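Here's the structure we're looking at; comments come further down.
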């Protein structure tokens, strides 16, 4: 009699596996709209707009004068208790075409923003501080013949955990926590 329960259990597992019962479940990141706050640790992010812009000197200099900047403007507020200098990791544009090669993130291998500047005064962002919301522009140099009408943006997050090598607590595991697609305004001529 006990062998019947083993057979039934085995059949149930086989049927489950045949229909994807053992396939990993993906947890897609939430889809947001421009202007919505993505609240989390170690930062809150509100994507305001995306634009193509030409000359931002002296704040940021294009490698090729025929190119333009893909600028994603966002409000950023650090929710951690300490300041953060990893600001270029907050946003990625993984599907943007024609990006001029730059530095990749260590975990996702996507291209980080070439530069992040404060929109109010054009200064370069070296770090942001807890509780102070700042409007900044994330900049990627894009080839001049690529003129997108929209861009997919990933808002990245990290996990506060003990480092497996050193045992020290810190922010690790950079991964997408929200995605949104916004229209791109062409402001290259003004």
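Residue numbers (my numbering): 210 to 399. Backbone N, C-alpha and C define an ideal beta-carbon position, used for all residues, glycine too. Since the model is a prediction, treat every value here as computed from it, not as a measurement.
Between 252, 256 and 351, which has its C-alpha nearest residue 391's C-alpha?
256
Report the option in 354, 323, 245 and 250 whose CA atom is closest to the CA atom of residue 275.
354
Would you call residue 395 buried or exposed, if buried means 16 or more other Cβ atoms sit within 10 Å of its Cβ?
exposed
Run through DSSP, which three-state label would residue 258 get?
strand
For residue 344, write down the residues that DSSP places opposite it in a beta bridge.
Assignment of beta-bridge partners to residue 344 by DSSP yields 284.
Identify the residues that DSSP records as bridge partners of residue 296: which are they?
Bridge partners of residue 296: none, in fact.
In its own chain, which residues sit with a C-beta less than 8 Å from the C-beta of residue 241, not counting the 5 before and 5 after it?
247, 256, 364, 387, 388 and 389
Among 293, 308 and 309, whose alpha-carbon lies nearest the alpha-carbon of residue 342?
293
Can you tell me whether residue 234 is buried or exposed? The criterion is at least 16 other CB atoms within 10 Å of its CB, across all chains shown.
Only weak support exists for where residue 234 lies, its pLDDT of 49 falling under 50; the coordinates are left without a value.
Quick one: using the 10 Å Cβ neighbour count with 16 as the cut-off for buried, is residue 251 buried or exposed?
buried
Give the DSSP-derived three-state secondary structure of residue 321 in the structure shown.
coil
Within 10 angstroms of its Cβ, does residue 306 collect 16 or more other Cβ (buried), or is it exposed?
So residue 306 ends up on the exposed side.
With the cut-off set at 8 Å, would you say residue 339 and residue 372 are in Cβ contact?
no
Three-way DSSP call (helix, strand, coil) for residue 328 in this model:
Here residue 328 carries a coil assignment [DSSP, helix/strand/coil].
Is the beta carbon of residue 279 sitting closer than 8 Å to the one on residue 261?
yes
Helix, strand or coil at residue 394 according to DSSP, with G and I counted as helix
Residue state, collapsed to three classes: strand.
Please go through the same chain and pick out, in chain order, the residues whose beta-carbon is closer than 6 Å to the beta-carbon of residue 357, but skip the five residues on each side of it.
The beta carbon of residue 357 is closer than 6 Å to those of 393 in its chain, skipping five residues each way along the sequence.
Under 8 Å, do residue 300 and residue 322 count as touching if we go by C-beta distance?
yes
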